[in-house]
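Worksheet: the structure to be examined is printed underneath.
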Amino acid sequence: MLFMVVLAALALSLYFAVRPVYAGGVAELQESQQNTDSSTAQDNCEGEDSVPAGEVLWHFILNGLDPGITSPIDGHFVFDSAGTLDVSSSKWNPGGDTHHFYVFTTGDDTLLNATADIGDSDYNNFVLSHICHGEEVEQSVEASVAESVPASEAESEAESEAASGEGSQKAGEGTPEGSQADSSFLFNGSGPLATIAFSLILLASLGTLAYANVKSVRSRNQ
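Converting from the sequence shown to my numbering requires adding 36 to each position, the first position being numbered 1.
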């Protein structure tokens with residue numbers, strides 16, 4: 037009888053030694069993968085479906101469900117920026133002992149923890165398999181417009197000020213010229229017409245002066 041009790045106790049202790057660390061109710065992400073930062077991930081994502089631009093795919097795998105579950109399992113994934121995302125498993129094997137979860141975040145984030153509702157089943161592993169990044173997002177139309185509007189306003193203002201300055205200068209130059217008499221413009225101008233007229237007048241004055249001198253000398257000699 038004593039031998040049977042010892043044998044039963046040994047069998048019971050062996051059962052608890054080999055069973056999963058977390059059993060029944062909730063499966064929890066491996067502690068070593070908690071606080072994973074996607075910005076440092078360099079996983080090989082070949083074979084995965086394309087990830088939308090600007091998003092990050094987190095692929096989780098839950099193994100060793102006993103008994104297996106052949107329907108979606110609710111998962112809860114806690115991120116630093118995105119908060120808690122509730123995503124159910126979308127793929128599992130025929131026996132239902134392995135489930136896959138595909139979780140998307142907008143941009144890089146830090147995974148704080150993850151759990152899965154497994155009811156009465158036991159499990160032996162719940163892990164983050166890999167992280168995949170989509171292509172970088174080009175600047176949005178709203179952001180482009182927001183940046184271009186101040187630049188356009190500044191450029192338009194500069195052009196307006198330049199045009200205003202040129203108009204004022206021309207107006208200032210035109211006013212005194214318009215108020216001068218024709219004769220003043222004729223002698224003070226710098227054009228060829230003014231130069232020719234001034235030369236003719238000067239030549240006529242010199243001719244008149246020379247004629248008067250010659251006439252005066254002749255009058256004295258007679």
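We treat Cβ as the ideally placed atom computed from N, Cα and C, and that holds for glycine.
In this text the structure is predicted, and so the values were computed from the model without any measurement.
Report the CB separation of residue i from residue j in whole angstroms; it is logged as a contact under 8 Å.
i	j	result
L65	A118	That pair is no contact at about 16 Å.
G104	G143	Actually they do not touch by this definition, with Cβ atoms about 35 Å apart.
I167	V62	So it is not a contact: roughly 23 Å between Cβ atoms.
T134	N99	5 Å
Suppose you measure from the CA of residue i to the CA of residue j; what does that come to, to the nearest Å?
i	j	result
V92	F113	14 Å
D116	D73	10 Å
T146	S125	21 Å
D156	I97	18 Å
A248	P228	31 Å
S252	L242	15 Å
E67	N161	11 Å
E82	E174	23 Å
T141	T106	27 Å
A240	A230	16 Å
I237	R254	26 Å
S86	T120	24 Å
F234	T244	15 Å
H95	Y138	5 Å
Kindly list the residues whose CB is nearer than 8 Å to the CB of residue i, restricted to its own chain and excluding five residues on each side of it in sequence; keep chain order.
i	result
E172	A89 and G90
I232	none
Based on Cα-Cα distance, which residue from the options lies nearest to residue i?
i	options	result
Q70	G170, Y247, S241 and V163	V163
A122	I232, A152, V87 and I167	Note on identity: in this sequence residue 122 is Asp, with Ala being the wrong assignment. Here the closest residue by C-alpha is A152.
H136	D156, G155, N160 and S165	S165
W128	Q78, L238 and D110	D110
Below 6 Å CB to CB, which residues in the same chain sit around residue i once its five sequence neighbours on both sides are set aside?
i	result
P108	S124 and S125
H169	V92
S215	Residue confidence is low: S215 scores 47 on pLDDT, short of 50, so the model does not pin down where it sits. Its coordinate-derived value is still stated next. So no residue of the chain qualifies.
Can you list, in chain order, the residues of its chain with a C-beta nearer than 7 Å to that of residue i? Leave out the 5 residues immediately preceding and following it.
i	result
A246	none
L148	Q70, N71, V114, F115 and D116
D79	H166, I167 and C168
Give the list of continuous alpha helix (DSSP H) stretches no shorter than 4 residues that lie fully inside the stretch 114-180. Segments of the alpha helix (DSSP H) lying fully in the stretch 114-180: there are none.
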